[in-house]
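Quick note on numbering that gives the first Met the number 0: the sequence shown kicks off at 0 and runs consecutively. Some notes on the structure that comes next.
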Amino acid sequence: MRWKYRQYLHLFINKKEDTSMNNQLEGIYAPYIKQYIDFKKRLGFKYNTETKVFSFFDRFTIRRGEKIVGITRDLAVAWCNLNPNESSSYKYHRCVCLNQLASYLCKIGFQSYIIQLPPNKNTFTPYIFSRKQVADLFEACDNVIGKKKEWTPRS
């Protein structure tokens, strides 16, 4: 049974997400994505989440069968459509990443479409306690009886 644990041990020890994610890129944009990620990391950004987003983008372009380097309007709109299981803030983040890549591609000579960013709607609704609830909370805290610990000096 011991060997089973060893085969999964590498998943938890010496995990190098950045390089493995960078090496998985295979699409037409792979060399440019790698260059861009390296550029951002040399500037001091961690760029871990963005690396994952670009990995998803790379797989997306492979599924679409993209053959020409340069982000088209069609590709940008398809990428920025909201998936049913993601938040609007994640969609916004994906679109920002795409725009940054498109801007980089433009600067190195590939005409690319920069999409208008979708609204970043905050869907968080805070719960506001009533005065009675706050009073009840403080009253309950005042009535908590804790164990008295004796202080003992360390020797």
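Note that the Cβ used here is the ideal one computed from N, Cα and C, for glycine as well.
Taking the alpha-carbon positions, what's the residue i to residue j distance?
i	j	result
N47	K40	9 Å
Y31	K131	59 Å
D73	N121	27 Å
Q34	N84	30 Å
L116	V95	7 Å
F59	T124	33 Å
V66	N82	Reading the sequence as shown, one finds Lys at residue 66 and not Val. Taking the straight line from one Cα to the other gives about 24 Å.
C105	I114	13 Å
V76	R93	11 Å
G26	E49	17 Å
A139	S129	15 Å
R63	G43	33 Å
K90	D135	41 Å
I144	Y126	28 Å
Q99	N142	56 Å
P118	C79	12 Å
V133	K147	27 Å
Return yes when at least one heavy atom of the ligand FAD lies under 7 Å from the C-beta of residue i, else no.
i	result
F137	Annotation note on the ligand FAD: not contained in the displayed structure, which lists no ligands.
Looking at the unbroken alpha helix (DSSP H) that takes in residue i, where does it start and where does it end?
i	result
F155	Any property of residue 155 remains undetermined from this structure, which presents the chain solely from 0 to 154.
Q99	87–106
I61	47–63
L136	130–141
V76	72–79
Going by beta carbon distance, what residues of the same chain come within less than 7 Å of residue i, once the five residues before and after it are set aside?
i	result
Q23	S54
A29	D57
S102	I113
T71	Y112
Which same chain residues, not among the five before or five after residue i, have their C-beta less than 6 Å away from its C-beta?
i	result
G69	F109, Q110, S111
S87	K120
F137	none
I61	G26
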